[in-house]
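Reviewing the structure listed below.
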Amino acid sequence: MSTVDETKQVWAHHIEAWDANDLDAIMSDYTEDSILVLNNTVKKGIQEVRSVFDNLFKLFSNGENIISPEVIEGEIIYITWNFTPTNDHNYFGTDSFVVQNRIITYQTIGSLLYEKYPVV
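Counting in my numbering, the sequence shown runs from 265 upward without gaps.
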């Protein structure tokens, strides 16, 4: 179980790593037991989650991404975002995270973006 402060610390680190496109830093938020679900595709463990983030960094480097302020409640983080790829329209997306013992144990990502631009 994580406290709100621990969850906020994990989120601050995660979003800092995301903004810096730092794959190694972002992966330090996950363990071999972490599970990521992206548009109904389940990825488990460091290697599978790392592959997704490697592709996400490539995709999101070619456009504009706006992340709305996060909602943090206990060990839950919820965000919405809007990404506009270069020469394309805006896509809405949402992520949910469960943080336990300072680790992201579960993450869900949903967006129509990944139907046109697959990352898994």
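Glycine included, each C-beta is placed from N, C-alpha and C at the ideal position.
Stretch pair the region 292 to 304 + the region 365 to 372: three plus CB contacts closer than 8 Å: yes
Inter-residue CB distance, V383 and N329 (contact presumed, cutoff 8 Å): Taking the sequence shown and counting its residues from 1, one reaches residue 383 at position 119. Taking the sequence shown and counting its residues from 1, one reaches residue 329 at position 65. Incorrect: roughly 14 Å between the Cβ atoms, too far for contact.
Three-state secondary structure (DSSP) of N326: Walking along the sequence shown from the start, residue 326 turns up at place 62. Of the three classes helix, strand and coil, the one that applies to N326 here is coil, per DSSP.
Proximal residues to L377 (C-beta, below 7 Å), its chain only, five neighbours per side dropped: Locating residue 377 in the sequence shown gives position 113, counting from the first residue. Taken in chain order, the residues that qualify are F347, Y355 and G357.
Three-state class that DSSP yields for I294 in the structure shown: As a first step, residue 294 is located in the sequence shown; it is residue number 30 there, counting from the start. The question names Ile, but residue 294 is Tyr in the sequence shown. It is coil, neither helix nor strand.
Proximity to G327 [Cα-Cα], best of H353, S292 and K272: By 1-based counting over the sequence shown, the position of residue 327 is 63. When only C-alpha atoms are compared, the closest one is H353.
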